[in-house]
Amino acid sequence: MESFEPTAEQSAIIDADLVSMAVVACPGSGKTATAVRRLVELRDRLSAERGRVALLSFSNIAVDTFREEYQKLRGTRVADAKVIIQTVDSFLTTYILRPHCARVMKANRAPFLCIGDEPFLNAYKVGIGKETMSVADILLNRVNGKTILYRKLGRGDPVKLSSAMRGLAVSKLKAFAATGGYTHTHGRAWARLLLEKEPAIARALALRFPQILVDEAQDVGTFEGEILDLLIAAGSTVSLIGDFHQSIYGFNFASGDYLRSFAERPEVRELPLTQNRRSLPAIVSVANALALTKSKPHRTKTHRESGAFYWRYEEDKLNELMSAWATSLQAYKFQLSEAAVLCRGTGLLERLITGNSELGVSAVKHLAAAALERDKNGDISRAFSYCVRAVLHLVEVPQSFARDLGSPSRGSDASRMRRLIWDLIRQPGSGIPSATLDARGTWLTNLKANLTKWLDRVETGTALRRVATWTSRVTARELPEAGPLLAVDLGQNDWNGIRVGTVHSAKGEGIPAVMYLALKKNLDALVAGTAEEEGRIGYVAATRACDLFVIAIPQATSTNMVKKLKALGFSEWGLK
49 MESFEPTAEQ SAIIDADLVS MAVVACPGSG KTATAVRRLV ELRDRLSAER GRVALLSFSN
109 IAVDTFREEY QKLRGTRVAD AKVIIQTVDS FLTTYILRPH CARVMKANRA PFLCIGDEPF
169 LNAYKVGIGK ETMSVADILL NRVNGKTILY RKLGRGDPVK LSSAMRGLAV SKLKAFAATG
229 GYTHTHGRAW ARLLLEKEPA IARALALRFP QILVDEAQDV GTFEGEILDL LIAAGSTVSL
289 IGDFHQSIYG FNFASGDYLR SFAERPEVRE LPLTQNRRSL PAIVSVANAL ALTKSKPHRT
349 KTHRESGAFY WRYEEDKLNE LMSAWATSLQ AYKFQLSEAA VLCRGTGLLE RLITGNSELG
409 VSAVKHLAAA ALERDKNGDI SRAFSYCVRA VLHLVEVPQS FARDLGSPSR GSDASRMRRL
469 IWDLIRQPGS GIPSATLDAR GTWLTNLKAN LTKWLDRVET GTALRRVATW TSRVTARELP
529 EAGPLLAVDL GQNDWNGIRV GTVHSAKGEG IPAVMYLALK KNLDALVAGT AEEEGRIGYV
589 AATRACDLFV IAIPQATSTN MVKKLKALGF SEWGLK
């Protein structure tokens, strides 16, 4: 294990008294190393007590990292009964939703998570005609002690429901809850309500978890914030660690406000982490200019091209941009696997990967996405998630099917289906065809044939049956008019190997060379700073970079905008 020499700031956090803390951490500040060592310290101090220490974060990747680092520090891979390391949602599910929330949901079974594609959700649509929406599209927010309902609209911002629609939505939401079903956003609301209605549960949790650490605390939404407050009132000591400027989950109504207000509470000790160990000085300088902060770089030099630059590109020539980026990276001794191109949203990302933003509908939409995750990004886990959604359109499954797949009992239909779904992903010849095949031709033809045989295996090996109309859900609608799912065959372009993804997908990471592919609106938001979420997304992109950060700007970008970029610390990427 690498040696760890804490800074004075890190030592102050690790060795602090058993009090609530708000740790405001700059990007690349070593907060993972700090948090896990604080966890060890808390565990040692509570060793003689009955309670446990909880370290919660918002992503499975972060949780896996924390678990691995904790096990290294403890010198054993044996689970520690005094410590739990989970995602926030997993914590709520394990200790509040599953054992208790059936009571407030008026359900006669244990609650189960729905992912939104379950056929039974069709019985819980809200509205009439064009105004109709799925109950899964109802989002909930807490404002001044009241629950406000919104509608999720694709990739756009949520829209607040009218008074008339709110009444209909509440009725359907309650009916949906009575089945035991909930989405992530609904689950947080039910968990908060349970703790409010049954304070004895909050007190029991506070006794079980006297110390709770929350990582990435800028992502605490309004419901999670109220849940933490209820646990604090019941006796838990809660500490947060995060960065206001990296709050980019507005769709969960997380704006960094909870961390900011928590730090201002008189009983909370605010401690900083201001040394950036990830990025070189030029990148740290740009980040400071964007967020109006004063982080200090730890690193001073590298053996290859480094700094913060802007690079003009033509929006209809993305492949040419990628090729030029790959050539430059290799010229300056970067491996393509060390680089990433990050986009603000999935629309531009899909154009870059597929040449368009059309990827099918119904089951095909999810199977096409699975093919791209497998063949372009090598992300088998995400491919599996998309396949699960597709199966909900093809097979008649129980309401809790998606939840059951997560932890299937041995010999169950869910266990067999899990293996069959993996076969779809791992065997392009008999499962989801390669994304390099012609989408409307060979790919779709092979997909239909493979699914027919796969569904035969489902019916032979399980008690489940195919949906009678499944073939109507496997069509060419909204697939690319010509060519494969991938814009260019894998291995046939000179930028294969460069990671391509959204800014959100890279959150928490350090990447040697980053290009942020910006549209005009993304650029406008970036230079405006981190007061709004769009600006914070650009800030997160910049602060992923270790050695080299390039913002790709449209060819038509104005002279005035270029001046603003230069004032922030960017230089022009010329012919080097």
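Here our numbering is used: the first residue of the sequence shown is 49, the next is one more, and so on.
Just so it is clear, CB atoms sit at the ideal spot from N, CA and C, and this is done for glycine as well.
Looking at the structure shown, is residue i part of a helix, part of a strand, or coil, going by DSSP?
| i | result |
| --- | --- |
| Trp359 | strand |
| Gln378 | helix |
| Lys612 | helix |
| Ile428 | helix |
| Ser619 | strand |
| Asn324 | strand |
| Pro345 | strand |
| Asp572 | helix |
| Thr231 | coil |
| Phe52 | coil |
| Ser287 | strand |
| Gly479 | coil |
| Cys162 | coil |
| Cys435 | helix |
| Ile585 | helix |
| Glu444 | strand |
| Glu368 | helix |
| Leu241 | helix |
| Pro167 | helix |
| Gln119 | helix |
| Gly454 | helix |
| Val389 | strand |
Within 10 Å of its beta-carbon, does residue i have 16 or more other beta-carbons around it, so buried, or fewer, so exposed?
| i | result |
| --- | --- |
| Glu166 | buried |
| Ser95 | exposed |
| Gly202 | exposed |
| Gly459 | exposed |
| Phe52 | exposed |
| Thr112 | Strictly speaking, residue 112 in this sequence is Asp, with Thr absent from that position. Exposed, because fewer than 16 other Cβ atoms sit within 10 Å of the Cβ of Asp112. |
| Ser287 | buried |
| Val67 | exposed |
| Lys555 | buried |
| Leu276 | buried |
| Asn170 | exposed |
| Lys220 | buried |
| Leu574 | buried |
| Glu386 | buried |
| Val443 | buried |
| Gly215 | exposed |
Leaving out five residues before and five after residue i in sequence, what residues of the same chain have Cβ atoms less than 8 Å from its Cβ?
| i | result |
| --- | --- |
| Glu46 | The structure shown has nothing for residue 46, since the chain only spans 49 to 624. |
| Leu397 | Cys391, Val548, Gly549 and Thr550 |
| Asn608 | none |
| Ala239 | Leu140, Ile144, Leu145, Cys149, Phe271 and Ile275 |
| Phe432 | Ala418, Ile469, Trp470 and Ile473 |
| Phe114 | Thr80, Ala83, Val84, Leu87, Leu103, Ser105, Ile133 and Asp263 |
Note down, in chain order, each residue of its chain lying with its Cβ closer than 7 Å to the Cβ of residue i, except the 5 sequence neighbours on either side.
| i | result |
| --- | --- |
| Ile585 | Ile296, Arg392 and Val551 |
| Met49 | Here the model assigns Met49 a pLDDT of 49, short of 50, so the residue's position is not dependable, and the following value carries that caveat. Excluding residues within five positions, the ones whose Cβ falls inside 7 Å are Lys120. |
| Lys245 | Val152 |
| Thr195 | Leu188 and Ala237 |
| Gly273 | Tyr306 |
| Ala576 | Gly583 |
| Gln540 | Here the model assigns Gln540 a pLDDT of 45, short of 50, so the residue's position is not dependable, and the following value carries that caveat. Here the set comprises nothing. |
| Lys624 | Only weak support is given to the placement of Lys624: the predicted model assigns it a pLDDT of 47, under 50, and the value that follows is read from those uncertain coordinates. Hits under 7 Å: none found. |
| Ala223 | Tyr172 |
| Gln603 | Arg360, Tyr361 and Glu362 |
Pull the bridge partners of residue i from the DSSP assignment, please.
| i | result |
| --- | --- |
| Lys194 | Val191 |
| Ile559 | Ala593 |
| Ser105 | Thr135 |
| Leu317 | In the sequence on display, residue 317 carries Arg and not Leu. Met69. |
| Asp486 | Pro532 |
| Met181 | Val174 |
Grab me the residues of residue i's own chain with a C-beta within less than 6 Å of its C-beta, minus the 5 sequence neighbours each way, in chain order.
| i | result |
| --- | --- |
| Leu472 | Cys435, Gly479 and Ile480 |
| Thr142 | none |
| Arg317 | Val67 and Met69 |
| Tyr361 | Leu369 and Ala600 |
| Lys200 | Asp185, Leu187 and Pro206 |
| Leu241 | Val152 |
Answer yes or no: does any C-beta atom of chain B fall closer than 8 Å to that of residue i?
| i | result |
| --- | --- |
| Thr394 | Although the question refers to chain B, the structure presented lacks it and comprises just one protein chain. |
Say whether the segment 250 to 264 touches the segment 276 to 284, bearing in mind that this needs 3 or more beta-carbon pairs closer than 8 Å, one atom from each stretch.
Look at the beta carbons and you see the segment 250 to 264 touching the segment 276 to 284: at least three pairs across the two are nearer than 8 Å.
If you pair each beta-carbon of the segment 300 to 315 with each one of the segment 261 to 275, do three or more pairs fall below 8 Å?
Yes, the segment 300 to 315 touches the segment 261 to 275.
Three or more C-beta pairs closer than 8 Å, one from the segment 131 to 150 and one from the segment 101 to 110: is that the case here?
yes
Could you check whether the segment 339 to 353 touches the segment 604 to 621, counting it as contact only if at least three pairs of C-beta atoms, one from each stretch, sit closer than 8 Å?
Of all C-beta pairs linking the segment 339 to 353 to the segment 604 to 621, fewer than three are shorter than 8 Å, placing the two stretches out of contact.
Say whether the segment 506 to 513 touches the segment 461 to 471, bearing in mind that this needs 3 or more beta-carbon pairs closer than 8 Å, one atom from each stretch.
yes
Using a Cβ distance threshold of 8 Å, determine whether the segment 227 to 241 contacts the segment 517 to 537, with at least three qualifying pairs required.
no
Are there three or more Cβ pairs, one per stretch, closer than 8 Å when the segment 437 to 444 is compared with the segment 405 to 415?
Judged by Cβ distances under 8 Å, the segment 437 to 444 makes contact with the segment 405 to 415, as three or more pairs qualify.
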